[in-house]
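First comes the structure, then the notes that go with it.
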Amino acid sequence: MKVEDIKTIGVIGGGVMGGGISQTAILAGYNVVCRDLTDEILAKTKDTMINGRFGFKGGVERGKQTQEQVDQALARLTLTTKVEDLKDCDLIIEAIGGGDAGGLENKPLKLKVFGEVDKIVKKEAIFASNTSFFTIADIAAVTERKDRFIGMHWFSPANIMRLVEVIYTADVKEEVIQVMEELCAKLGKTSVRVKDVPGDTGFIANRIFGAVGAEARKVVDEGIASPQDVDTAMKLGFNWPAGPFELGAGARGGWG
Amino acid sequence: MKVEDIKTIGVLGAGVMGGGISQTAILAGYNVVCRDLTDEILAKTKDTIVNGRFGLKGGVERGKQTQEQMDQALARLTLTTKVEDLKDCDLIIEAIGGASPQEIENKPLKLKVFTELDQLVKKDAVFASNSSRFTIADLAAVTDRKDRFIGMHWFSPANIMKLVEVIHTPDVKEDVIQLMEELCKNFGKTSVRVKDVPGDTGFIGNRIMGAARREAQKIVEEGIATAEDVNTAMMLGFNWPVGPLPLGGPSARSGWQ
């Protein structure tokens, strides 16, 4: 498969990440079939895409795109509760949240969904997971398309942040990695190439930020400084946009 | 001592940090006696304060300060090779480099210099070290003024970056901590209060960046990604202005040129 063969992208999950990914893809000219469990969720997804803090409406007002481009983009979007509607997609991007467990992500749920979707979606389609930290090989293992199963980790808000981590397993074909890198370029993203390793380590950015968070907690636990002062130190000393204790609320809460 | 009692600040070491600290202090209205080993070093310091990338001249051109303010500031600056010229200072800020290109800081050298200085400088003066990672109590231990010895860690370029870590030992008096916090404010800085701990851990900022750098190095060593991609990931994924791995380019070490 070449990048030009990707016309329709299936996005599993219409949450903060799935919605932002769908928004990016339809604006870049791709057809998107975005699937979630209920019509209520999907209505909220569409509303966020249009009226949310990083939505199309604001984009038009700020001159990022024209109303015509938005109308055309939205015409490429199909929202559905039927998993069968994904069957003809050329690429599936999985962006499922924590489910009932209440966590940010849920590995058993991803395994279950990929096991099902592998039977439904056409054989040549590429599967990608937007997981932020699970080992990709563990997820690919439940499918019969390990050579075209890859990690595609976006950052939130997905239509704003430029980074995508492309995570390759030992089984994935080089041409699939390249298709994903070219797709990232078409979506206006910068990709970095990351080797998949066992242990759910968090690729590059979340792994490093995890080490930062652990050290920051130690500084506080040892009574060295307050969390506020730790955040201040990293912002004013290293020009970080947010301190280690300040991140997470926006992505989790949907950016308001 | 109150913050108003600080009129003259002695800065020990006229490198990238000492120069930037001196520049900040004279612009904020303080007399500064800046001491280094040779006239050549001091001439370079003055040139950097005036003409450097973050110098006063550029500041005047960009409207940060007037020519008059710059002239007044420079009139408050004394550059000297004589350590005796520090004796009447109200506050000493030590910013001595590593004395070799391989190291940023040199603990034995700091200990030696503080020992000498303690004999020389007036008894009520506050001593501060701009060390970026050495345990302050270890440095204070060589002096007879542990109750007025404190960490004052600036970030580079010192006249630009807003942060100062104020590091307090168990021996330092609360009013000395507060005096330093007020002084930071007078300099236009934001201070954070940091408890001194053993082991040269790097306070807040450098300790946390050290953890980030170690993890980044592990990722490269494990063959997971290139150093360039690691830096890209942190810059584009978390909006850091630079990545955790050094890839060359101007820095505090090279003098920002």
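Here the protein sequences come in this chain order: A and B.
Using the working numbering, you'd call the opening residue of the first sequence number 1 and step up by one each time.
Using the working numbering, you'd call the opening residue of the second sequence number 1001 and step up by one each time.
Where a beta carbon is used, it is the ideal one built from N, C-alpha and C, also for glycine.
Among residues of its own chain, excluding the 5 on either side of residue i, which ones have a beta-carbon nearer than 7 Å to its beta-carbon?
i	result
R207 of chain A	T201
K1057 of chain B	V1050, N1051
A125 of chain A	C89, D90, L91, I92
M1144 of chain B	Note that residue 1144 of chain B corresponds to Asp in the displayed sequence, not to Met. Answer for D1144 of chain B: D1118, listed in chain order.
I1160 of chain B	F1054
D1124 of chain B	M1001
P246 of chain A	Reading the sequence as shown, one finds Glu at residue 246 of chain A and not Pro. Answer for E246 of chain A: D231, listed in chain order.
W1240 of chain B	M1234
G256 of chain A	Legend: pLDDT at G256 of chain A = 49, less than 50; position of this residue unreliable, value from coordinates given subsequently. Taken in chain order, the residues that qualify are R53.
G98 of chain A	L104, E105, N106
Going by beta-carbon coordinates alone, are residue i and residue j separated by less than 8 Å?
i	j	result
T1115 of chain B	V1083 of chain B	no
T190 of chain A	R145 of chain A	no
E1174 of chain B	V1194 of chain B	no
A211 of chain A	A170 of chain A	no
R1076 of chain B	I1026 of chain B	yes
G115 of chain A	V142 of chain A	yes
A128 of chain A	E105 of chain A	no
L27 of chain A	D36 of chain A	no
G1097 of chain B	G1015 of chain B	yes
D1036 of chain B	T1024 of chain B	no
M17 of chain A	A158 of chain A	yes
P244 of chain A	A216 of chain A	yes
I56 of chain A	V70 of chain A	Sequence inspection shows Phe at residue 56 of chain A; the Ile mentioned does not correspond to that position. Contact: yes.
T81 of chain A	T38 of chain A	yes
L86 of chain A	V121 of chain A	yes
V1003 of chain B	E1215 of chain B	no
I96 of chain A	K110 of chain A	yes
G1013 of chain B	A1095 of chain B	yes
A1158 of chain B	M1070 of chain B	no
T1081 of chain B	L1139 of chain B	no
S1129 of chain B	K1112 of chain B	no
V1192 of chain B	A233 of chain A	yes
Y1030 of chain B	K1064 of chain B	no
V197 of chain A	E1222 of chain B	yes
Using a Cβ-Cβ cutoff of less than 8 Å, which residues in the same chain neighbour residue i once the five nearest sequence positions on both sides are dropped?
i	result
L183 of chain A	V3, I6, L91
D147 of chain A	D171, V172, K173, V176
T1190 of chain B	K1162, L1163, V1164, C1184
V1220 of chain B	T1226, A1227, V1230, L1245
V219 of chain A	A225, V230
Give every residue of the same chain whose Cβ lies closer than 6 Å to the Cβ of residue i, excluding the five residues on either side of it in the sequence, and list them in chain order.
i	result
G1202 of chain B	R1133, G1210
G1010 of chain B	V1033, L1086, C1089, I1092
A1028 of chain B	N1186, F1187
F134 of chain A	K107, D200
F155 of chain A	M161, L163
Y30 of chain A	I9
How big is the Cα-Cα spacing for residue i and residue j?
i	j	result
P1198 of chain B	R1207 of chain B	13 Å
V33 of chain A	T45 of chain A	12 Å
G1188 of chain B	Q1072 of chain B	18 Å
T1038 of chain B	E1105 of chain B	19 Å
K64 of chain A	A75 of chain A	18 Å
A258 of chain A	Q23 of chain A	The structure shown does not extend to residue 258 of chain A, since chain A is modelled only from 1 to 256, so the question has no answer here.
K1107 of chain B	Q228 of chain A	30 Å
G1243 of chain B	P241 of chain A	13 Å
N239 of chain A	A1212 of chain B	15 Å
E1068 of chain B	V1060 of chain B	9 Å
V164 of chain A	I1224 of chain B	15 Å
V1121 of chain B	F1127 of chain B	9 Å
D974 of chain B	S1100 of chain B	With chain B covering 1001 to 1257 only, the question about residue 974 of chain B has no answer from this structure.
M152 of chain A	V117 of chain A	17 Å
Q1217 of chain B	V1172 of chain B	37 Å
E222 of chain A	I1204 of chain B	12 Å
Q1257 of chain B	G1237 of chain B	Reliability of the predicted coordinates at Q1257 of chain B is poor, the pLDDT of 48 falling under 50, and the value obtained from them is presented with this limitation in mind. Each residue's alpha carbon lies about 28 Å from the other.
F1155 of chain B	N51 of chain A	41 Å
Any heavy atom of the ligand SAM closer than 7 Å to the beta-carbon of residue i?
i	result
A1014 of chain B	Of the ligands one can find in the structure shown there are none, so the ligand SAM has no counterpart to examine.
Going along the region 221-244 of chain A in order, which residues come within less than 9 Å of chain B, judged by CB to CB distance? If you check each beta-carbon in the region 221-244 of chain A against every beta-carbon of chain B, the ones closer than 9 Å belong to E222, G223, I224, A225, S226, Q228, D229, V230, T232, A233, M234, K235, L236, G237, F238, N239, W240, P241, A242, P244.
So within the region 126-181 of chain A, which uninterrupted alpha helix (DSSP H) runs reach at least 4 residues, ignoring any that extend past its ends? DSSP runs (the alpha helix (DSSP H)) wholly in the region 126-181 of chain A: 136-140.
Would you list, in sequence order, the uninterrupted alpha helix (DSSP H) runs of no fewer than 4 residues that lie entirely inside the region 1132-1157 of chain B? The region 1132-1157 of chain B contains these whole alpha helix (DSSP H) runs: 1136-1140.
Quick one: complete alpha helix (DSSP H) runs, 4+ long, within the region 90-115 of chain A? DSSP runs (the alpha helix (DSSP H)) wholly in the region 90-115 of chain A: none.
Using Cβ-Cβ distances below 7 Å, what residues of the region 1038-1050 of chain B are close to chain A? Answer in chain order: no residues at all.
Scan the region 104-138 of chain A for residues whose Cβ lies nearer than 9 Å to a Cβ of chain B and list them as they occur along the chain. Under the 9 Å Cβ criterion, the region 104-138 of chain A contributes no residue.
Completely contained alpha helix (DSSP H) runs for the region 207-255 of chain A, where each covers 4 or more residues: Here the runs fully enclosed are 227-238, 249-253.
Quick check for students: name the residue ranges of the beta strand (DSSP E) that lie wholly in the region 32-86 of chain A, counting only runs of 3 or more. Here the runs fully enclosed are 77-80.
Using a Cβ-Cβ cut-off of less than 7 Å, give me the residues of the region 187-206 of chain A that come near chain B, in sequence order. Flagged, chain order: T190, V192, R193, V194, K195, V197, I204, A205.
Members of the region 1183-1211 of chain B near chain A, C-beta cut-off 7 Å: Under the 7 Å Cβ criterion, the region 1183-1211 of chain B contributes T1190, V1192, R1193, V1194, K1195, V1197, I1204, G1205, R1207, I1208, M1209, A1211.
With 7 Å as the limit, tell me which residues of the region 1233-1247 of chain B have their beta carbon closer than that to any beta carbon of chain A; keep them in chain order. Answer in chain order: A1233, M1234, L1236, G1237, F1238, N1239, W1240, P1241, P1244.
Residues from the region 1144-1178 of chain B in contact with chain A, defined by Cβ distance under 8 Å: Hits within the stretch, in order: F1155, M1161, K1162, L1163, E1165.
Any C-beta of chain B within less than 8 Å: which residues of the region 152-181 of chain A qualify? The region 152-181 of chain A vs chain B, Cβ under 8 Å: F155, M161, R162, L163, E165.
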